[in-house]
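Colleague:
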Amino acid sequence: MGTKRKPAGLGEDNEPPRASPKPVFRVDDTTPEVVQSVLLERGWSRFNGRSQDGDDWDLYWRTPPFPVTKHVSLQPWQQLNHHPGTSRLTRKDDLAKLLRHMQGAHGAGLYTFIPLTFVLPNEYHKFVAEYSREMLRTNPGYWICKPAELSRGRGISIFRDIRDLAFDDTCVVQKYICNPLLVGHYKCDLRIYVCVTAFQPLTAYIYQEGLVRFATEKFDLRNLRSDYAHLTNSSINRSGPSYGACKEVIGRGCKWLLSRLFSYLRLRGVDDGLLWRQICRLAILTLLAAAPGIPTAANCFELLGFDVLVDDSFKPWLLEVNYSPALTQHCTTDVSLKRELIHDVIELVHGAGAHVWGWAGNRTSSAEDQGHRDRPSKGRGPLPCWPHLQVVGRALSQGEPFAIRGRARGTGPQATQACMPRESMPEQDRLSTWTELPRAKARVRSRLTQRKSSALQSHSCRPASSPGPPPSNSSECPKPQVGNFILIFPFNKATFQASRKRLNVKGIMHELQKFMSKQECLVAESGMDTRGTLRAFKGLHMGHRPRELLYSH
Ligand code: ADP
Numbered sequence: 173m174g175t176k177r178k179p180a181g182l183g184e185d186n187e188p189p190r191a192s193p194k195p196v197f198r199v200d201d202t203t204p205e206v207v208q209s210v211l212l213e214r215g216w217s218r219f220n221g222r223s224q225d226g227d228d229w230d231l232y233w234r235t236p237p238f239p240v241t242k243h244v245s246l247q248p249w250q251q252l253n254h255h256p257g258t259s260r261l262t263r264k265d266d267l268a269k270l271l272r273h274m275q276g277a278h279g280a281g282l283y284t285f286i287p288l289t290f291v292l293p294n295e296y297h298k299f300v301a302e303y304s305r306e307m308l309r310t311n312p313g314y315w316i317c318k319p320a321e322l323s324r325g326r327g328i329s330i331f332r333d334i335r336d337l338a339f340d341d342t343c344v345v346q347k348y349i350c351n352p353l354l355v356g357h358y359k360c361d362l363r364i365y366v367c368v369t370a371f372q373p374l375t376a377y378i379y380q381e382g383l384v385r386f387a388t389e390k391f392d393l394r395n396l397r398s399d400y401a402h403l404t405n406s407s408i409n410r411s412g413p414s415y416g417a418c419k420e421v422i423g424r425g426c427k428w429l430l431s432r433l434f435s436y437l438r439l440r441g442v443d444d445g446l447l448w449r450q451i452c453r454l455a456i457l458t459l460l461a462a463a464p465g466i467p468t469a470a471n472c473f474e475l476l477g478f479d480v481l482v483d484d485s486f487k488p489w490l491l492e493v494n495y496s497p498a499l500t501q502h503c504t505t506d507v508s509l510k511r512e513l514i515h516d517v518i519e520l521v522h523g524a525g526a527h528v529w530g531w532a533g534n535r536t537s538s539a540e541d542q543g544h545r546d547r548p549s550k551g552r553g554p555l556p557c558w559p560h561l562q563v564v565g566r567a568l569s570q571g572e573p574f575a576i577r578g579r580a581r582g583t584g585p586q587a588t589q590a591c592m593p594r595e596s597m598p599e600q601d602r603l604s605t606w607t608e609l610p611r612a613k614a615r616v617r618s619r620l621t622q623r624k625s626s627a628l629q630s631h632s633c634r635p636a637s638s639p640g641p642p643p644s645n646s647s648e649c650p651k652p653q654v655g656n657f658i659l660i661f662p663f664n665k666a667t668f669q670a671s672r673k674r675l676n677v678k679g680i681m682h683e684l685q686k687f688m689s690k691q692e693c694l695v696a697e698s699g700m701d702t703r704g705t706l707r708a709f710k711g712l713h714m715g716h717r718p719r720e721l722l723y724s725h
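Heads up, my numbering is the position in the sequence shown plus 172, with the first residue counted as 1.
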């Protein structure tokens with residue numbers, strides 16, 4: 173057994189900083205390969221249970237959830253890549269109930285992004301009543317039945333006639349979106365990555381790159397049995413006969429980067445900025461639905477995969493939220509996205525600590541880090557930038573308000589402070605000189621102690637809304653951007669305050685509504701008209717040139 177280790181980089185009081193030990197990550201059989209290789213590339217070392225103390229690690233990353241005992245026994249310097257209680261978001265039936273509850277509590281107007289859903293068998297009669305109403309219409313719609321607990325398209329069926337509905341276990345039956353956005357006649361959906369660094373106070377970041385996953389047979393409602401035409405899961409389409417063929421517009425394979433789709437849409441006159449803002453809003457509203465019921469736990473984070481389907485009027489619909497989104501690398505698109513994504517997750521959850529503990533200062537000369545620093549600079553991708561309402565990172569404890577600037581349209585990440593590279597962040601967000609280290613160490617010590625006690629409280633799975641000490645960092649403003657991650661919640665001073673101590677969901681909804689109506693005004697003022705865009709897009713599909721590009725970027 174080795175000796176107990178301090179958090180990497182913490183020396184004795186008044187000692188000059190020493191070369192810090194490498195941070196250590198722990199894995200098991202389920203840890204994705206890309207996570208391990210990125211951590212090694214960043215100069216971390218792998219935990220070895222035979223030669224190291226049981227607590228001698230900083231980050232444990234695995235695919236399934238951790239048992240509660242693991243959360244309880246966490247040391248203050250350790251982090252887990254899962255938060256307890258997030259199945260409320262990631263089980264299809266729980267998510268449907270949560271969002272329906274929010275529709276009831278906050279008005280149907282905000283939560284319009286989930287297709288009408290019934291949880292079977294419990295809501296079978298309600299479904300039959302809705303189905304019967306639908307059948308009276310001249311052109312009744314279609315339904316999709318999805319097992320509540322399965323993933324990767326397994327057990328899914330699409331039907332119009334209720335006699336084709338079959339299920340054994342809990343499942344959701346959902347209105348089938350039969351007017352999806354088609355690219356070259358192929359259906360697609362979007363995989364959006366959201367990293368929640370804390371549920372209490374809620375702190376969430378969206379990744380400004382993602383995946384577009386295509387079906388590999390042309391969309392055709394006359395053939396509901398073709399999974400290759402109706403399901404966009406890569407696990408299905410990878411084995412389809414047309415996977416390797418060069419398909420109209422989308423080419424070979426079944427994936428694009430999200431930025432490629434957005435450029436494609438932008439070139440065709442679609443307001444990709446508006447679509448992106450709607451996706452960010454959908455992510456915030458979904459997290460807000462779940463956050464109050466998620467137990468408080470310290471030193472953990474959750475990377476979630478939101479599956480979003482865009483219809484042909486450019487409305488995004490939430491299909492589901494994935495736990496441990498796939499990090500396998502099956503094609504070059506996967507490779508280029510997922511390595512960067514993991515680098516940025518590590519930067520997000522460990523980067524700030526690295527500065528305080530001095531890892532960054534000690535490690536910057538290593539060859540591995542050189543490689544990391546040479547990665548393309550962030551925030552310059554072609555995706556339109558969220559904060560339409562830009563949050564400028566300032567510590568609120570210093571009495572500085574968030575500066576919020578409205579923008580009528582995306583001017584590109586590089587032009588905004590919210591998207592600036594880490595190096596140009598406000599001074600108070602960084603710890604750059606060694607003279608600051610003793611003060612920082614003291615701060616870290618007290619924070620670690622508080623974190624520890626907060627972690628212990630998670631044992632009781634206290635609901636986030638119940639009374640209790642606020643987390644140690646509740647007065648600190650989260651960084652507006654880390655790598656390609658952009659802070660989406662809190663998004664201004666009011667939501668920052670409303671999310672401290674107890675989550676004031678009502679107040680936050682009010683803020684969101686205010687911002688939404690402001691956005692709508694901006695859209696109206698600038699003469700944007702989604703229908704016009706749609707006409708232009710459809711014209712293009714029919715082989716005509718759009719009359720005009722409605723928005724210039
Ligand atoms: P899974 O967890 O099995 O992947 P999803 O809910 O993500 O389940 O559905 C799988 C695929 O089915 C989606 O990627 C999408 O292509 C299609 N799909 C799911 N729900 C709908 C819907 N309501 N309308 C249209 N297509 C849908």
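We put the CB at the ideal spot given by N, CA and C, even for glycine.
Take Ile334 and list the residues in its own chain whose beta-carbon comes closer than 6 Å to its own, dropping the five residues that flank it on each side.
Modeller: The residue labelled residue 334 in the question sits at position 162 within the sequence shown. Excluding residues within five positions, the ones whose Cβ falls inside 6 Å are Tyr303.
Colleague: If we call anything under 8 Å between Cβ atoms a contact, is Val654 one with Asp516?
Modeller: Residue 654 sits at position 482 when you count from the first residue of the sequence shown. Residue 516 sits at position 344 when you count from the first residue of the sequence shown. Yes, they are a contact pair.
Colleague: Using 8 Å as the threshold, is the C-beta distance between Thr388 and Asp361 below it?
Modeller: In the sequence shown, the residue the question calls residue 388 occupies position 216. In the sequence shown, the residue the question calls residue 361 occupies position 189. The answer is no: Cβ separation not under 8 Å.
Colleague: Does the region 497–512 come within contact of the region 480–488, defined as at least 3 CB pairs closer than 8 Å?
Modeller: Flag = no, the region 497–512 and the region 480–488 do not touch.
Colleague: Could you pull the DSSP bridge partners for Pro488 from this structure?
Modeller: As a working mapping, residue 488 is identified with position 316 in the sequence shown. Per DSSP, Val482.
Colleague: I need the DSSP call for Ser689, collapsed to helix, strand or coil.
Modeller: Walking along the sequence shown from the start, residue 689 turns up at place 517. Here Ser689 sits in helix by DSSP.
Colleague: Within the present structure, is the beta-carbon of Leu322 separated from the nearest heavy atom of the ligand ADP by less than 7 Å?
Modeller: Working through the sequence shown from its first residue, we reach residue 322 at position 150. Yes, the Cβ of Leu322 comes within 7 Å of a heavy atom of the ligand ADP.
Colleague: Is it the case that the region 225–242 contacts the region 250–261, given that we only count it when at least three CB pairs across the two stretches are under 8 Å?
Modeller: yes
Colleague: Report, in whole angstroms, the separation of the C-beta atoms of Leu437 and Phe285, which I expect to be a contact under 8 Å.
Modeller: For this step, residue 437 is matched to residue 265 along the sequence shown. For this step, residue 285 is matched to residue 113 along the sequence shown. The pair is not a contact, with the Cβ atoms about 18 Å apart (cut-off 8 Å).
Colleague: Could you say which of Ile330, Ile514, Val291 lies nearest to Trp315 if we only look at CA atoms?
Modeller: Translated into positions along the sequence shown, residue 315 becomes position 143. Restricting attention to Ile330, Ile514, Val291, the CA atom closest to the CA of Trp315 is found in Ile330.
Colleague: The ligand ADP and Asp340: does any heavy atom of the ligand fall closer than 7 Å to the residue's C-beta?
Modeller: Taking the sequence shown and counting its residues from 1, one reaches residue 340 at position 168. For the ligand ADP, not one heavy atom lies less than 7 Å from the Cβ of Asp340.
Colleague: Tell me whether Ile242, by its Cβ, gets closer than 7 Å to a heavy atom of the ligand ADP.
Modeller: What you label residue 242 is simply residue 70 of the sequence shown in a count that begins at 1. Rather than Ile, the amino acid found at residue 242 in this sequence is Lys. Not so, every heavy atom of the ligand ADP lies at least 7 Å from the Cβ.
Colleague: In the DSSP output, which residue or residues are listed as bridge partners for Thr375?
Modeller: As a first step, residue 375 must be located in the sequence shown, where it is residue number 203. The partner list for Thr375 (beta bridge, DSSP) reads Ala370.
Colleague: Check whether the Cβ of Arg260 sits closer than 7 Å to any heavy atom of the ligand ADP, and report yes or no.
Modeller: To locate residue 260, count along the sequence shown from 1; it is residue 88. It does not: the Cβ of Arg260 is nowhere closer than 7 Å to a heavy atom of the ligand ADP.
Colleague: Are the Cβ atoms of Asn656 and Tyr379 separated by less than 8 Å?
Modeller: Translated into positions along the sequence shown, residue 656 becomes position 484. Translated into positions along the sequence shown, residue 379 becomes position 207. Yes, the pair counts as a contact, with Cβ atoms nearer than the cut-off.
Colleague: Measuring from the CB of Leu403, is there a heavy atom of the ligand FAD at a distance below 7 Å?
Modeller: Among the ligands modelled here, namely the ligand ADP, the ligand FAD does not occur.
Colleague: When burial is assigned at 16 or more other CB atoms within 10 Å of the CB, is Lys298 buried or exposed?
Modeller: As a first step, residue 298 must be located in the sequence shown, where it is residue number 126. So Lys298 ends up on the exposed side.
Colleague: Please determine whether the Cβ atom of Pro497 lies at a distance below 7 Å from any heavy atom of the ligand ADP.
Modeller: Looking up residue 497 in the sequence shown gives position 325. Not under cutoff, so the answer is no.
Colleague: Can you name the start and end residues of the alpha helix (DSSP H) that Arg133 belongs to?
Modeller: The requested residue 133 is not part of the displayed model; the chain covers only 173 to 725.
Colleague: Any contact between the region 265–273 and the region 440–450? By contact I mean 3 or more CB pairs, one from each, below 8 Å.
Modeller: no
Colleague: Given 8 Å as the limit, is there contact between the region 395–409 and the region 665–676, that is, 3 or more CB pairs closer than that?
Modeller: The answer is no - the region 665–676 does not touch the region 395–409, with fewer than three Cβ pairs under 8 Å.
Colleague: Using three-state DSSP, classify Gln380 as helix, strand or coil.
Modeller: Mapped onto the sequence shown, residue 380 falls at position 208. Gln380 falls in the coil class under three-state DSSP.
Colleague: Could you tell me the distance, in whole angstroms, from the CA atom of Arg326 to the CA atom of Arg218?
Modeller: One-based indexing of the sequence shown puts residue 326 at position 154. One-based indexing of the sequence shown puts residue 218 at position 46. Those two C-alpha atoms are separated by around 35 Å.
Colleague: Within the continuous beta strand (DSSP E) that includes Phe331, where are the two ends?
Modeller: Residue mapping note: residue 331 aligns to position 159 of the sequence shown, counting from 1. Residues 329–331.
Colleague: Have a look at Tyr358 and Val442 and give me their C-alpha separation to the nearest angstrom.
Modeller: Counting from one through the sequence shown, the residue named residue 358 turns up at place 186. Counting from one through the sequence shown, the residue named residue 442 turns up at place 270. So the alpha carbons of these two residues sit roughly 18 Å apart.
Colleague: Mind reading off the beta-carbon distance from Phe478 to Val368? Whole number of angstroms is fine, and I expect it under 8 Å.
Modeller: Along the sequence shown, read from residue 1 onward, the residue named residue 478 stands at position 306. Along the sequence shown, read from residue 1 onward, the residue named residue 368 stands at position 196. Their Cβ separation, rounded to whole angstroms, is 11 Å, which puts Phe478 and Val368 out of contact at 8 Å.
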